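The structure appears right after this line, and notes come after that.
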Amino acid sequence: MDETPKTVAEALRQRFEDLTRAERQLADTLLSHYPAAGLGSITALAEKADVSTPTVARLVKKLGFTGYPDFQASLRGELEATTTGPITKHDARTEEAPDEHMLNRFAETVTSNLRSTFSRIDPASFDAVAELLADHSRGVSIVGGRITRALADYLFTHMQVIRDGVTLVPSTASGWPHYLLSMSPGDVLVVFDVRRYENDLVRFAEIAREREVTVVLFTDQWGSPVSKHAQHVFNCGIDAPSAWDSSAVMLVVVEALIAAVENLRWDATRERMEVLEDLFDRTGLLKKFL
1 MDETPKTVAE
11 ALRQRFEDLT
21 RAERQLADTL
31 LSHYPAAGLG
41 SITALAEKAD
51 VSTPTVARLV
61 KKLGFTGYPD
71 FQASLRGELE
81 ATTTGPITKH
91 DARTEEAPDE
101 HMLNRFAETV
111 TSNLRSTFSR
121 IDPASFDAVA
131 ELLADHSRGV
141 SIVGGRITRA
151 LADYLFTHMQ
161 VIRDGVTLVP
171 STASGWPHYL
181 LSMSPGDVLV
191 VFDVRRYEND
201 LVRFAEIARE
211 REVTVVLFTD
221 QWGSPVSKHA
231 QHVFNCGIDA
241 PSAWDSSAVM
251 LVVVEALIAA
261 VENLRWDATR
271 ERMEVLEDLF
281 DRTGLLKKFL
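The letter at position 263 of the sequence shown is residue 263 when you use full-length UniProt numbering, and the numbering goes up by one with no holes.
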C-alpha cells in the first residue's frame, strides 16, 4: 500500500487516474509549472489551466486540503524546504533531535526513505529506463551536480563495464556545449539533481530535450526543475538527521537499475567483463593472492 504522499506533486501523480478530464488538465498545468503555478490566486491558476475555479477547488479537496490557502501553504513549505541550506537544516534537526543514538536515528530515517521511495517507483517506468540504457544504438550521457556528481560517477563506472557508448559529463558547465554537440536524437541523458537545484543542469537538460534526447532524472522527493524536461523521473527520499541530505536511497535505486541493465545485456556484458579481467591481470592493477 502506498504511503501518504509527501508533496503535492506526488499526490497529483498518485491520484491522476482517478481525476476527471478537467482535473487532469489542471494537474498537468500544476506539474508542468511546479510549484509556481499554484502560488498565485485561484483565479490565475484556473485561467492558466483553462478550467473553472470550482474545478480548482474540487481538486484541492481531493488532494486532502481544507481549501486553497491550505494547499498554497503546503506548496510554500515545499519551496522553503528545497532552498534550505545545511546550517539551517542542522539547527532545525538539533532542536527536534530525540535522545537516541545517531546510528539508530539515521538508520530509521533512511529505512523510511527507502520504503517511501520504492512504494512510489513505477515498475513500468523503471523497466523502460533499463531498456533505454541497455539499447546499444543509443548513446548514454550521465551528469551530476556539486554533490550528486559522485552518484553520476558511480553509475558511469558500472555502465562503462556493461556497454560502450557511455559518457560522463563533467560537472563544470563551460564544456557542456561540446557534449551536447555529440548527442543525437534518441540518445539518453541521465541527470542527478537534488535541492538546492542547480540552474546549469536545468538549462543543460532543456537543450538536450530540444535535441530530442531522452532525459532521465534522479532527484529528491520535491523534484528538481529538470523534471519538466524529463521523460522519466525517480523521486528519492533524501531526509537525514544531518546538515547534509542522504544519498543512500538514490544509490540503491541506481544499483537496482545497474542490475536490471546488466541482466538485459548479460551475454555482451559477460564478454566485456572477461576482457576487462584480462586487462586487469595484464596491467597488474588489482592484488591477486594466488
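Backbone N, C-alpha and C fix where the C-beta goes; we use that ideal spot for every residue, glycine too.
Bear in mind that the values here come from a model prediction, so they are computed numbers and not experimental data.
Close-in-space but distant-in-sequence residues of the same chain around residue i (CB under 6 Å, 5 per side omitted)
{"i": "Ala-248", "result": "Val-110"}
{"i": "Ile-147", "result": "none"}
{"i": "residue 292", "result": "A query on residue 292 cannot be resolved here, the shown segment of the chain reaching from 1 to 290 and no further."}
{"i": "Asp-229", "result": "Going by the sequence as given, residue 229 is His instead of Asp. The residues are Ala-205, Glu-206, Arg-209 and Val-215."}
{"i": "Thr-20", "result": "none"}
{"i": "Thr-82", "result": "Arg-195 and Trp-222"}
{"i": "Leu-286", "result": "Phe-280"}
{"i": "Trp-176", "result": "Phe-204"}
{"i": "Gly-237", "result": "Asn-113, Ser-116, Thr-117, Gln-221 and Val-249"}
{"i": "Gly-67", "result": "none"}
{"i": "residue 301", "result": "Beyond the ends of the chain as shown, which are 1 and 290, falls residue 301; an answer cannot be given."}
CB of residue i within 8 Å of CB of residue j, strictly
{"i": "Arg-272", "j": "Val-194", "result": "no"}
{"i": "Gly-145", "j": "Leu-103", "result": "no"}
{"i": "Ser-171", "j": "Tyr-197", "result": "no"}
{"i": "Val-169", "j": "Val-143", "result": "yes"}
{"i": "Phe-192", "j": "Leu-151", "result": "yes"}
{"i": "Ala-44", "j": "Thr-55", "result": "no"}
{"i": "Thr-29", "j": "Ala-36", "result": "no"}
Range covered by the beta strand (DSSP E) that runs through residue i
{"i": "Asp-278", "result": "Here Asp-278 belongs to no beta strand (DSSP E); instead the alpha helix (DSSP H) covers 266–283."}
{"i": "Phe-192", "result": "188–192"}
{"i": "Val-202", "result": "Element bounds for Val-202: not the beta strand (DSSP E) but the alpha helix (DSSP H), 199–210."}
{"i": "His-232", "result": "232–236"}
{"i": "Ser-141", "result": "140–143"}
{"i": "Val-166", "result": "166–168"}
{"i": "Asp-220", "result": "214–220"}
Continuous alpha helix (DSSP H) stretch holding residue i: start and end
{"i": "Thr-55", "result": "53–62"}
{"i": "Thr-29", "result": "21–32"}
{"i": "Thr-82", "result": "68–82"}
{"i": "Thr-157", "result": "149–162"}
{"i": "Ala-128", "result": "123–134"}
{"i": "Trp-244", "result": "Element bounds for Trp-244: n/a, residue is neither H nor E."}
{"i": "Val-110", "result": "102–120"}
{"i": "Leu-39", "result": "Counting along the chain, Leu-39 falls outside any alpha helix (DSSP H), and DSSP gives it neither H nor E."}
Other residues of its chain near residue i: CB distance less than 8 Å, five sequence neighbours each side excluded
{"i": "Ile-258", "result": "Leu-155, His-158, Met-159 and Ile-162"}
{"i": "Leu-63", "result": "Val-8, Ala-11, Leu-12, Arg-15 and Phe-71"}
{"i": "Val-226", "result": "Val-191, Asp-193, Tyr-197, Leu-201, Val-202, Ala-205, Val-215, Leu-217 and Thr-219"}
Beta-carbon separation (whole angstroms), residue i vs residue j, contact threshold 8 Å
{"i": "Gln-25", "j": "Ala-49", "result": "6 Å"}
{"i": "Gln-221", "j": "Lys-6", "result": "5 Å"}
{"i": "Leu-133", "j": "Val-188", "result": "6 Å"}
{"i": "Asn-235", "j": "Arg-120", "result": "6 Å"}
{"i": "Phe-106", "j": "Ala-240", "result": "7 Å"}
{"i": "Ala-124", "j": "Leu-264", "result": "15 Å between Cβ atoms; not a contact."}
{"i": "Leu-252", "j": "Leu-31", "result": "What sits at residue 252 in the sequence shown is Val, not Leu. The Cβ separation is near 25 Å, so there is no contact."}
Cβ shell of residue i (< 7 Å), same chain only, five flanking positions each side left out
{"i": "Ala-128", "result": "His-232"}
{"i": "Leu-180", "result": "Ile-207, Ala-208 and Arg-211"}
If you pair each beta-carbon of the segment 205–218 with each one of the segment 63–78, do three or more pairs fall below 8 Å?
no
Any contact of the segment 237–248 with the segment 258–269, i.e. 3+ C-beta pairs under 8 Å?
no
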